[in-house]
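Notes for the one structure printed next.
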Ligand SMILES: Cc1cc2nc3c(=O)[nH]c(=O)nc-3n(C[C@H](O)[C@H](O)[C@H](O)COP(=O)(O)O)c2cc1C
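Residue numbers (this note's numbering): 667 to 1063.
Laid out in structure tokens, this is it:
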């Protein structure tokens, strides 16, 4: 049993909040609901009180006469805070550190895990301000996400922004405390490679490293010992519990992998490794000329295929490759699965993933039918992928 503070902000999906509160209570938790003023216009506080069996608080100013400071006590005593739906405005207030209403004040006080379930129109979700707020909140060590998902929106639009269903959110709440990867060792690669041309130039790619970092952080939270081999990115240091090893080129990454792959239970290869590197490196800066210039490229080793070969018929480590494509996603993923002899290929489309806070992936497996699609913030997708991987990582009895 845990104490769950359920924040409800003023999105139309607030009508699903009583169902979520009911599921959380059914799971054995004590649920205190804090709707915003806007939420109370969309869902009845009486319904929320009825399903939780507890008083519902919406204002910082109620109950002061009884001597309690709800905005401190409610959040300080909670084992988890869940906000469903989380509106664009609530995310903006939380990212700005506002405490102008009871729910945003609670979010400032909370140190327990905070699970956010965004719900809004696609345009609102995709707006750079909302994406900036999502990035700011994602950098906090206790913030997790569930959704948003793609589908039909209440405003009549179709797209990303739909709140996850109450059952999905309730399952994500249980995961907040889960240590199902305790004792497992994971090696995760992330980010682009930089292949140097001269002292000031390189060949690179647009990978941000976010998916790999989200996977590394989620696995560490779930108890795994995680090493993150990370190419050059603008990301902050990963959360505590993740060992960070930087690399720059495909050949440097290969060296790191060679010395580490046998010691891990799973290898998650999200890094976008250059297929080619410049054949030569100029120690002096290359100069401008009037003629066309040609670049001679040498192929880089295919690191995933190499590991697939080295592993041979062994069962460990579990090999998970990632691919980003511009079209024919399923066909490309299946071809890679066979060519690289790995267990899974997690595939996404460049326009739905590259450089974004969110992604949508499908999983193609050597054994079994495809899984997914899983969509949402990269941290939500990381947890969904680890949910599917965890049973495969359990030690045989
Ligand atoms: C009927 C209705 C539905 C709304 N649905 C959403 C929604 O799904 N997501 C959202 O971000 N804002 C939505 N809004 C706008 C928010 O209610 C508004 O931004 C409000 O200030 C949010 O306050 P809160 O974050 O304190 O709950 C909706 C407004 C109305 C009138």
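Ideal Cβ positions, reconstructed from N, Cα and C, are used throughout, including at glycine.
- Straight across, the Cα-Cα distance linking residue 850 with residue 780 is about 25 Å.
- If you look at residue 755, you'll find it in the alpha helix (DSSP H) that goes 754-762.
- Every residue whose Cβ sits closer than 5 Å to any heavy atom of ligand 1 is listed here in chain order: 675, 676, 677, 678, 702, 704, 753, 754, 755, 756, 785 and 786.
- Its chain contains 686, 783 and 835 as the residues whose beta carbon lies nearer than 6 Å to that of residue 750, once the 5 sequence neighbours on both sides are disregarded; these appear in chain order.
- Counted as a single uninterrupted DSSP element, the beta strand (DSSP E) harbouring residue 698 occupies residues 696-701.
- Unbroken alpha helix (DSSP H) stretches of 4 residues or longer found wholly inside the segment 896-961: 916-926, given in chain order.
- Residue 1049: member of the alpha helix (DSSP H) spanning 1044-1059, first to last residue.
- Distance from residue 819 to residue 787 at the Cβ level is roughly 6 Å; contact confirmed, criterion being Cβ atoms closer than 8 Å.
- Secondary structure note for residue 772: its alpha helix (DSSP H) is the uninterrupted segment 768-775.
- Look at residue 1030 here: in three-state DSSP terms it is strand.
- Remark: three or more beta-carbon pairs, one from each stretch, lie closer than 8 Å, so the segment 996-1005 and the segment 1014-1032 are flagged as touching.
- The straight-line gap separating the alpha-carbon atoms of residue 701 and residue 680 is approximately 9 Å.
- Shown here, residue 784 sits in a strand according to DSSP, grouped into three states.
- Residue 873 places its beta carbon less than 9 Å from that of residue 990.
- Residue 891 is positioned such that its CB atom lies no closer than 9 Å to that of residue 879.
- In the DSSP assignment, residue 683 falls within the unbroken alpha helix (DSSP H) covering 683-692.
- If you check the CB distance, residue 858 and residue 875 come in under 9 Å.
- Per DSSP, the unbroken alpha helix (DSSP H) holding residue 878 starts and ends at 876-887.
- When the beta-carbon positions are compared, residue 1041 and residue 826 come within less than 9 Å of each other.
- For residue 1039, the closest C-alpha among the options 996, 822 and 845 is that of 996.
- For residue 804, the enclosing alpha helix (DSSP H) stretches over residues 794-804.
- Between residue 722 and residue 695, the C-beta gap is not smaller than 9 Å, which leaves the two residues out of contact.
- Ranking 737, 913 and 704 by CA distance to the CA of residue 755 puts 704 first.
- The beta carbons of residue 847 and residue 888 sit closer together than 9 Å.
- Between residue 885 and residue 853 the beta-carbon gap is near 10 Å, outside 8 Å, which marks them as no contact.
- With respect to residue 714, residue 684 sits close: the two C-beta atoms are nearer than 9 Å.
- A straight line joining the alpha-carbon of residue 945 with that of residue 869 spans about 12 Å.
- In this structure, the beta-carbon distance from residue 893 to residue 926 falls below 9 Å.
- The shortest C-alpha to C-alpha distance from residue 907 to any of 921, 928, 900 and 883 is the one to 883.
- Between residue 812 and residue 1046 the beta-carbon gap is near 5 Å, inside 8 Å, which marks them as a contact.
- Residue 898 is positioned such that its CB atom lies closer than 9 Å to that of residue 914.
- Counting along the chain, residue 848 sits inside no alpha helix (DSSP H), nor does DSSP assign it H or E at all.
- Using a Cβ distance threshold of 9 Å, residue 1051 and residue 1027 count as a contacting pair.
- Residue 673: member of the beta strand (DSSP E) spanning 669-674, first to last residue.
- Counting along the chain, the unbroken alpha helix (DSSP H) around residue 841 starts and ends at 832-841.
- As DSSP reads the structure, residue 1014 sits in a beta bridge with 990 and 1027.
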